[in-house]
Every structure is written in C-alpha cells, then in structure tokens.
C-alpha cells in the first residue's frame, strides 16, 4: 500500500463527466449485436425526423396526383416525370414518402414527451412509496392498482372520446395510464435498495429523505429503468399508432402513421403501397427500441 | 464401472483446472494432488480465490459452462472420473459422492416438501419403494438429530430454521450411504451455537457411517475440530499439507505461519502480542508471479531463488507423518526465532465514561391482521427487541456486544445512531439522552461524534459515487470543513489514515477490493473526529488476512484518537482479542457483562458457557469443554415469560426459569450475571477454554 | 387463506365502485351535454329540459349515481342512444362473441408460448434461445393493425385462402375467426414466451437445481419435477393478466375485421357518444380486469408454498 505522493487530478466537472460516461456506456453496446441493430434503427429514424424539412420532397398535405403507384411503376406523363413519387400517393394524392418522413417527427416528438412525463410522475410516486412505506405506500399502491386494473386502450378511448383529442390530452392520458406501472417498478427497486448499508450510512448522517431518494438510491436504479424506458417508448409509439388508427389520434393536419393506415385501408386490395410502407415504418421504429432495450439488458447483466 | 474397494476413496493427481473468460484462460487450480482413504476427513483451507470450491466442483464434474479440467486425473475408488459417461456420472452423484452446501435454504427447492426431496435420492439410485424410502428418510433424520422427523418430512423448507435445514441437507447427502462427502463451508451461514452443533454432527457422522470427507473452509479452527489432515491453499496451489497435529504445531510454509499470525488466538493480545497481518494483496489470477505465488508478500523472499521457476511439493523430513510443503527455503526458516517483541503497542489509557445505557428498552409494534387475532383482542403484538439494557463505556475503551441473530444488537445500534428511538430508559451520551432524539433532530456535531462502520463491504459504499465524493460529503455534512479545497485536503488525509493510495479519490467502489472498501468505510466513519464509533461486525465478511489488517487499522486509529469503540460481533475470538469489556446479549436482554477476563473465566452465565464452547480455536493445545445446546431459539414475538434462555439452557433448574425473570447478580464490581443459579454454584464451574501456559507447550507459536 | 381471498374480493368491489364513480362523474356531470347526446344536437332547449326533468337529471349528483348503480346491479344500464334498444340487448351478445375469440386465441397462444419459453429458458444463450427471443421481440414490435395488414396481404390478397372481413353475416364461420386469432396470437405470444423464458432461466441458475443435479437425478426429472414447479408461477400470473390485455387488444382487431365483438362496440359507442353504452361497457371491462387480477393474486398465493404456509 505505497502512498502516492502526487496529487490526483481534480475530478472533472460533473456534467462533462456524466456525458463521457454515457457515451462510454453506449460504446459498451458494441458487445451486443442485437443492441447495435436496435440503436441503428432508432438513430436512423431520429435523423429522419430531425432532417424532415430537408428530406421530404413534397408538402405532406398537398394533394398532388391521386392513386399513383410507387417509384419505378410510375410511367410518367406530361406534367410529372417518371418515378417521382418514390412510395406512391394515397387516394387523395398526397405523397406517401413525405407523409412518412413528416410523420416520424410527430411520433418522435410526442412519444418521448409522453414517456418522459410518465417517468417523472412514476419515479416520484415510486420513490415516495418505496422509501416512506406505511400509509403513503398503501395509498399510492391502491391508486396504482385501480388505474392499472383498467384495460389500457379502454381507458384511452373513454378519456379521449369524452375530452377530445389533442396533443396535450394524449400526453396526459398516456402519463395517467403508464405512471402506475413505472411506479410499481421503481417501488420494487427502492424497496430492495433502501436496505443497503450505504443508505443506512446516509440516514445516520442525518441526510434528508428526498436527498437520499434522489442522490443515493435513484442513481443505482438506473440500469433497469433505462431498459424499461426503451421498452416503454416502444409501447407508447404503438399506442399513438393505434389511437391514430382508430381515429382518436392527433387531429389533422399532422400526418400520423396510424391514421394513414386507417385512411387508406379500404384501398389496400388494389393499392397495397398506401398502407404497407407506413406499417413497415412504424414496425421498424418499435423494433429498434425493443432491440435496443434487449441489448441494454444483456450488457447490464454482463457487468 | 467397476469399483476397486482397495483403492483409496479419492485419488487426485496433478490436477489443473481453468476457467475460460472473455479475457482468456484463467488457471484456477494448479498442480493439485490429494489422496483420501476410507473414513478419513481432510480439510481444504484457504482464503477467497484459492480454488478450494473449484476443486470440489471438479470432483463432482460440475464445473459449469466455462470451466475445464485441463489436465490431471481424479480417481474415485480406482475409476477415472474424467472418462465417465454422463449417465454413469449421474449414478455416482448422490449415491457414492454427495455434496453439502454453504447456504442450506438456497440448496432446497422451496416448492417441494422436504420429504419429497429426501425420498427422491434412494428411490432413483436404489429403486426402492416410496414406503421404504420414507422409512429410511425418517431414520436418517433421526441420525442427524432432528426432533420430530415426521413433521419435518411434511414441511416445506421455509418452515424450519437454518440449522435444521442444514441437517436436512446433510441427511439428503447420507441417504444412499455415500463413500465420499464433500462439504463446502457448511456452517458459514449459521449462528455460532448452531454451527457448533452441526460441526459436531459432521464429525460424528463420519465415524458412524464410515464416509470419507472433504471439508472446505476458511476457518482453521473448524478444520481442527473436524479433520484428520489439512491442505492449505493459496492462489490456486496447495502450499502445505499435513496431519492436524503436525501442521498446526509446526507450520513450515511462510503463508501458513502468516495465517496463524492473523487469527486472534487466545494467546494474542492487542497490545502485547498484536496480530501480524500479511502485507500485500492476493495476486489477480492472470497476474500470478513466476515461481512462488506467495513470493511478493513473503518476509523470507529470496530474489533469484523464489521467483525463478515453479516450485514443487517437498516432504518435510523429521516429521512423523506425511507433511509436505511448497517452499524453496523451508529448511532455512525458523519462525520461532523471528518473534520480535518490538511489535508491541502501548495500551490505550482509559478515560471517563462517555456512554451510559440505563434500563433501555425498545419495543416494536407488530400488527397481526388475521381475524383470529382481532377477535382475541391481540392484534397488536410487541416485539421486545431490547429489554432492560444496562451498561456503560469509557473513553478509549473497546466494549464488545456479543450475541447471535435475534439478540437485539442491531436494534441497539439503531437506537444509538438515532435511526430508532428508545421506548423507555435512557441512553446518555455526552450529557444528553440521545435515546429519545432521532437523527433528524441531532446537531451535525452530535452526529459527527457518533458514527458507524458497517458489516458488508460491498454494500457500505454507494456504487454510483466516487470515493472522494462520498467521504467529502460526510465532511461537509458534519460541518468539519466547508471550503472545497479544505474538504479535499481532509479527504486525502483520511485516505492516508486508512493507508489507501491518494488516487483512490477518483475511483469508484467497484474498482476496490472488499478490504479496501471497508477501509473507506472506516475513513468515512472517522471523518468527523468521532468520540465513539460503533463497528457492526466490520470484519466478518472479509478474508482472514484482510480482516487482520482491518482490525489492526481500527485499533491503531483508536489508539491515536482515543476513540471509544463499540464492537458488535458474534465471533468470540476477535472479541477476546479486542475488547476490554464484553456484554453478552440473548433475545434482547443482557445475560452477562464484565471485563474480558471475567467473561472468559468462571462464573459463567449458561449461555456464555455455551457460546465459549462453540468458538472454534485453531490451536491444537487448547482444550475446550464441549457444550451443545438443544432446543430452538424462541420467537421474538413470543419470548418466554421468565429467563429468555430457558428453552435451551443446559443448567435449567426448574419452573422458576420459565416463570420468573432472573435477578442480576454481581459477581464483582462490574461483572453482572442474570441467572437464577446462585453465584457460588456458578463459581465452581470449570473454565470452558483451557489455554496452556507458554512453558507447558510443545512448541511456542507466538 | 380464506381471509386473503375475502380481502381481495373486497378490494375488487371497492375498485369497481371507485371506477364507476369516476366514470359517472366524467360522463354525466354535464347534464346538458347528456341531454344533447341523447336527443341529438338539433333538439331544442325546451325538449331537453323536459327530458332532463322526466329522467331525474335535475336531482343531485349523488342521488343520480346511486340510482344508476342500483340499476346497473340488476343489469339495467338504460337504453342505447344509437341502437335505441336496452344496452344489455346489444352488449351481452357482443361480449359473447369476444369471449369466443378470446377463448380460441388463448387456446393456441398459451401452450405455444409456454413451450417456447421453457425451451428457450432451459438452455439460456443457446441458438434456440436466441432464435425464440428475437422472434418474440420482432413479433411484439409489429402493432396489431400493422400485422393485420400484413397477414391480410398474404392470406386474403395473395393466397386467397381466407376472407377479408369477419362479420359473420351468414352465421358462425370458423374460417372468419382465423385471421383475428392469428393477429392476436402473433402479437401476444412473444411477450408471454419471453416472460416464461426469463422465469425459467432464473430458476435454472438457482442452487436448488444444482442440488437436484448433484443428487444424481435424471435431467428429465430435474426439469419436470424441480424446475417447472417454480418456473411456472410467474407465467401463470402473466397469463391471467393477459385477459386484461385482451380486452384492449381485441378492439383493434375487431375494428379491422369488422367482427361484431365487445371491443368494436366500445369503440363505436365512444365515437358516437353513446353514453349509457360506454358506461356499461366500461363497467364490464373493469369487472373482467379486476376479476382476473384477483384470480391471479389468489392463484399466485396458492402456488407459492412460502406464502401459502406461513
């Protein structure tokens, strides 16, 4: 145990260090090819959403030429060159490619927002329930049980049908429906972690309860929570898709993948391109998150 | 598969075991050879990472997906195990070779009755009927001294206690009359008095059934009680082997000798003959040095000789029995001559009283919500975790609180630290009654002056924060320093105090070993210059040599700062070494208290007597009286009305023990015993542990 | 044990009461809105007022709730605004249809996912395990409306084996059930299989399985007698909760294939503001959900000896 005489370098400022650690943990993902594929898909769609104004060839709501077949199948006529509509147009003449590109923005704005909101509420509730226990735990758990006993979609339908659909309502509805599930997970993790000696050490120092919850306990729960967040993002995207499909989604003009599919459903026999590409788009994004979650779980287990 | 009944039961030659990891091949066991004859018990002893458990798994041919037997042979009764087909191997397991595990509850299937799990063994191996299997199981359960075997057969694992579970596991291993028993730390997870019973059982069973045994442990005292021969392992190799008498009296290898120096034997004394920790650290498996693995840590290391080539086992000449050692220089070493007395340390001067516990009581309320209880009006039960605690501690003193699980020592620590408040009585510390002041209401100074060192090194630090950050936070919280630069200085000073390199400041706990983490825990406890530190089993989870180093560190710091140390433990050897005074607790009450000498000599409280008898001592010339407790620990919710020890007491005198709380008798000023038996009778007991004087010894080890 | 069941049943009733209260408040607090929905947007203020008076809507909220609750308890949910018949007449047959769909879905999905999950968990990390896991992930990534599109494309348009809608207008035809069942099974089996796999994999790493192997038991017995008993406890609860999921999942499928089931009914009722129908459907949905949760809880307690006997 030789004593080092040189003074150690000052610990890097917290944010920079945290960022470096986050990047390094992403690099760990390299060990799971499943996770890499997932990450690839997710980043692809994020890029598409960010660059939508540059990528989309047409205005997504402009009615151009109805019933056009995709890309190479388009023979061309006097006004429009051959192969213009890479993915074809729907029965109103809107370019499907542009609608998919702009639709990705819709999904990738609302889904993370809703998930983040659900997580904030769920984490706070879970921390309080797991740490304080007693009547607070009983109350929060009962409330969570009641909300969770509702079939999810039924809940959404009733809320949205009564209040009306809008971006905010959808986010609130998703928060309301997802927070209890997150609360349960966080509560379980907290119940386990609060028995550790380092928590007792913090308590015997006289630290405040919320400091212990947020600084001592929560950082050690981040593994399972990150995995769950990816999975939940997937569920939320499905939910937004389903709501759009059922006609309860975001009102037009936002192009919404679920809505697109429902809209052109009747045409599918003769014009499969109208629904097929949107299906592939939404499935690939959800697949990306699911694979990413699986990869993260694998990597965290190997630690 | 033809067994040769004349061959040794187990014959291992030149065994090499390796694990395959992402980092490549890691040798786990090197050049291992061993022979066991019928009825023999051999011990495999060593610290973590020495490979002893790996050997057991290799014998069972169950090394997992990434372990391999690289080379060497393992012969069971003449049959080479490596070459057996899976089906033949299956017929061996459980029938000829059985294994007993470390954690009995984890080893039993929680969803099947014990009877089912027991009967399977002979039914599968011998094809007997269910009825016959049932009868045989009941008989074996009787052999392992389980009361009421029929009830146990119908029970599930969680319905019986830990000691009983282990007996069931042992019974399961014996049901088909195996020739070889492998026992992997079978008592580590059990309480001391329960451990003594199981250890004795194992020793007796071997004789009764004629089985050979391989007994794996890190505890030399246990090996002494159970085995005939012992193999000492270090970092994958056997460094010394011999009979118990030979090896324990004349250890030849520096590591073996060093190990004995780390154990608090009755002859050790924290001031006159302190423990001698082995310096350095265990080498990582892929960084083993050339030549002798122990070389870098050896006081007798000779450059050029000890690190040039692999060293083989050589016979120790002049020894009566088979005693071999793996050392280049063993002929030149004379450990007796190396004893130097300048390792003696000055005793700590004891000051004034700092802590007074006066009739402290802590009851918990438990709500029983079953209908039956509500009807009977008994829905609120009291758990009497601490009852009528009375003792005090002075400046610079080490007071040990001794007891097994359920005795209430953790509850007491919680009350002291302010995590709980006392239900009655007073706890006076620094003038104030802190028993009724929860930690949220204490001043930072008060908090900083009374801190705790925790038991589990892996849990004691927050894995997400840096070492420096965690210690710094404590300094800031106690108001010792507030300026960032000063705080950092103080953290570095504390790291120096616990002899850790300064660049641990930026490391995270997962980069540290168990011993290093525990040192950080100590640094954290001393951050606020505490007047009193509670140490809750601080070294029980550490290896022997690491534990010795941490124990010495703690006493050194205590010496320097004149801190009062409240040492909670179940290990009476360590307690005898460290403590000035001892408090013995059982089921929430104090059974006996006094100075160390007073506790270890008669008069004894019957519980103290049993505890003393249960402590394994690694000194072959020390004799112990054997006292084995029968009966069960009563439930804390339903303690006996009278003396709590009445259900198991070996000297129970009658109804009075069940009905009346014993009065406290003072054997001398400061030595209190709570028992109905009159003091004069207690004084007449023989000492439990008899330590021969230095002149009477065959060989002076210290 | 009995006390536990009684407690759970009690909780179930409380949950339903609370939910029904919330629902009632949400939907009927605005009495004018109710009148508008029932009589139509073109009705006059007067006629609405008369209707409100006649039907007791000017009474205090609590009274109205009590009345509604009393009626609901005997199965009288009022008249459907859209269909102009008592709610029950429309709802119960639809519920039965969904039950049929659910039954066949589970009959196929449960054995499939359990077997796949156990096989995957038995040999964690093997190729079979990887294949099953990735398949499971992939199928749960495709939302039901998307898989409905894909499967229709294959079986209806390309192979022309199955009909595109399932309206059962000519009486019951199993062929029309196939596509909805396929969509549901495809989506759900992945989740249940992965839960089973996780449970099995965890059991296989326990010490008591090691004990069973080192006792010399044949591998078959280790799996069937020792492992499954513990590994199947968690999947049991998961499957029970899938009934809850089914009520949601079935909505999309029934909508897509025009199957006259309970889910489609709820959706229509919501879109058409058929208040009494919504209330009734929601109560039934909650009843089923809470009922299955209770069965799951009780079942878990029964199957786990540590809880059952202590």
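Protein chains in written order, with the numbering used here: chain A, 12 to 314; chain B, 30 to 731; chain C, 4 to 313.
Glycine included, C-beta positions come from ideal geometry on N, C-alpha and C.
Check whether residue i and residue j have beta carbons under 8 Å apart
| i | j | result |
| --- | --- | --- |
| residue 547 of chain B | residue 579 of chain B | yes |
| residue 196 of chain C | residue 116 of chain C | yes |
| residue 144 of chain C | residue 297 of chain A | yes |
| residue 597 of chain B | residue 563 of chain B | yes |
| residue 219 of chain C | residue 120 of chain B | yes |
Residue environment, residue i, which counts as buried when at least 16 other CB atoms sit within 10 Å
| i | result |
| --- | --- |
| residue 186 of chain B | buried |
| residue 305 of chain A | buried |
| residue 58 of chain B | buried |
| residue 341 of chain B | exposed |
| residue 105 of chain B | buried |
| residue 122 of chain B | buried |
| residue 722 of chain B | exposed |
| residue 589 of chain B | exposed |
| residue 729 of chain B | Caution applies to residue 729 of chain B, whose pLDDT of 47 falls short of 50 and renders its modelled position unreliable; the model cannot decide the point. |
| residue 21 of chain A | Because the pLDDT at residue 21 of chain A is just 38, under 50, the model does not fix this residue reliably, and the point stays unresolved. |
| residue 176 of chain B | exposed |
| residue 296 of chain C | buried |
Beta-carbon neighbours of residue i, restricted to chain B and to distances below 9 Å
| i | result |
| --- | --- |
| residue 230 of chain A | 491, 492, 493 and 494 |
| residue 227 of chain A | 491, 493 and 494 |
| residue 258 of chain C | None at all; the shortest Cβ gap to chain B is about 43 Å. |
| residue 221 of chain C | 116, 119 and 153 |
Neighbouring residues, chain A, relative to residue i (Cβ below 7 Å)
| i | result |
| --- | --- |
| residue 488 of chain B | 207, 208 and 209 |
| residue 100 of chain C | Neighbours of residue 100 of chain C on chain A: none; closest Cβ ~17 Å, over 7 Å. |
| residue 23 of chain C | Ordered by position in chain A, no residue passes the 7 Å Cβ test against residue 23 of chain C, which lies about 11 Å from the chain. |
| residue 471 of chain B | 217 |
| residue 247 of chain C | 162 |
Interface residues of chain C facing residue i [CB-CB closer than 7 Å]
| i | result |
| --- | --- |
| residue 301 of chain A | 140, 143 and 144 |
| residue 74 of chain B | Residues of chain C passing the Cβ test: none, with the nearest at roughly 23 Å. |
| residue 7 of chain A | Nothing about residue 7 of chain A can be reported from this structure: the residues present for chain A run from 12 to 314 only. |
Beta-carbon neighbours of residue i, restricted to chain B and to distances below 7 Å
| i | result |
| --- | --- |
| residue 216 of chain A | 476, 503 and 506 |
| residue 217 of chain C | 89, 91, 122, 123 and 128 |
Chain B contact residues for residue i, given Cβ-Cβ distances below 8 Å
| i | result |
| --- | --- |
| residue 315 of chain C | This structure cannot settle anything about residue 315 of chain C, because the visible part of chain C is limited to 4 through 313. |
Contacts of residue i in chain A (Cβ-Cβ under 9 Å)
| i | result |
| --- | --- |
| residue 447 of chain B | 214, 215 and 217 |
beta-carbon residue i near the ligand FAD non-hydrogen atom, thresh 7 Å
| i | result |
| --- | --- |
| residue 160 of chain A | Although the ligand FAD was asked about, the structure shown includes no ligands whatsoever. |
Within chain A, partners of residue i - CB distance below 8 Å
| i | result |
| --- | --- |
| residue 18 of chain C | 156, 157 and 160 |
Closer than 8 Å at the beta carbon, the chain C residues around residue i
| i | result |
| --- | --- |
| residue 201 of chain A | In chain order: nothing, as chain C lies at least about 21 Å away. |
| residue 305 of chain A | 136 and 140 |
| residue 135 of chain B | 209, 210 and 211 |
Residues that residue i contacts on chain C, provided the C-beta gap is smaller than 9 Å
| i | result |
| --- | --- |
| residue 28 of chain B | In the structure displayed, chain B extends from 30 to 731; residue 28 of chain B sits before or after that span and is not available. |
Let me know the beta strand (DSSP E) ranges lying completely inside the region 206–238 of chain B, each 3 residues or longer, listed in chain order.
Inside the region 206–238 of chain B, DSSP marks whole beta strand (DSSP E) runs of 3 or more residues at positions 209–213, from first to last along the chain.
If you pair each beta-carbon of the region 161–169 of chain B with each one of the region 232–250 of chain C, do three or more pairs fall below 8 Å?
No, the region 161–169 of chain B is not in contact with the region 232–250 of chain C.
For the region 235–248 of chain A against the region 205–224 of chain A, do three or more pairs of beta-carbon atoms, one drawn from each stretch, fall closer than 8 Å, so that the two count as touching?
These segments do not touch.
Counting pairs of Cβ atoms below 8 Å between the region 222–231 of chain B and the region 647–663 of chain B, do you hit three or more?
In short, these stretches touch, since the Cβ pair count reaches three.
Quick check: the region 41–55 of chain B against the region 227–244 of chain B, are there 3 or more CB pairs under 8 Å?
Three or more Cβ pairs closer than 8 Å define a contact, and the region 41–55 of chain B falls short of that threshold against the region 227–244 of chain B.
Alpha helix (DSSP H) segments (min. 4 residues) lying fully within the region 438–493 of chain B:
Annotation note: the region 438–493 of chain B contains the following uninterrupted alpha helix (DSSP H) runs of length 4 or greater, listed N- to C-terminal: 438–446 and 473–477.
What are the complete beta strand (DSSP E) segments, minimum 3 residues, inside the region 148–191 of chain C?
Secondary structure within the region 148–191 of chain C: not one fully enclosed beta strand (DSSP E) run of 3 or more consecutive residues is present.
Given 8 Å as the limit, is there contact between the region 605–617 of chain B and the region 430–438 of chain B, that is, 3 or more CB pairs closer than that?
With a cut-off of 8 Å on Cβ pairs, the region 605–617 of chain B is in contact with the region 430–438 of chain B, counting three or more such pairs.
What ranges does the alpha helix (DSSP H) occupy inside the region 36–74 of chain C, keeping only unbroken runs of at least 4 residues that lie completely in it?
Fully enclosed alpha helix (DSSP H) runs of 4 or longer: 48–57.
Does the count of Cβ pairs from the region 64–84 of chain B and the region 231–242 of chain B closer than 8 Å reach three?
Output reads yes: the region 231–242 of chain B touches the region 64–84 of chain B.
Could you pull out every unbroken alpha helix (DSSP H) segment of at least 4 residues lying fully inside the region 235–260 of chain B, listed in chain order?
The alpha helix (DSSP H) runs of length 4 or more contained entirely in the region 235–260 of chain B are, from start to end of the chain, 249–255.
Which runs of the alpha helix (DSSP H), 4 residues or longer, sit entirely within the region 497–574 of chain B?
Listed in chain order, the alpha helix (DSSP H) runs fully inside the region 497–574 of chain B are 513–526 and 543–554, counting runs of at least 4 residues.
Please specify which runs of the alpha helix (DSSP H), each continuous and at least 4 residues long, are wholly inside the region 191–272 of chain C, giving them in chain order.
With a minimum length of 4 residues, the continuous alpha helix (DSSP H) runs that stay inside the region 191–272 of chain C are 210–217, 231–234 and 236–260.
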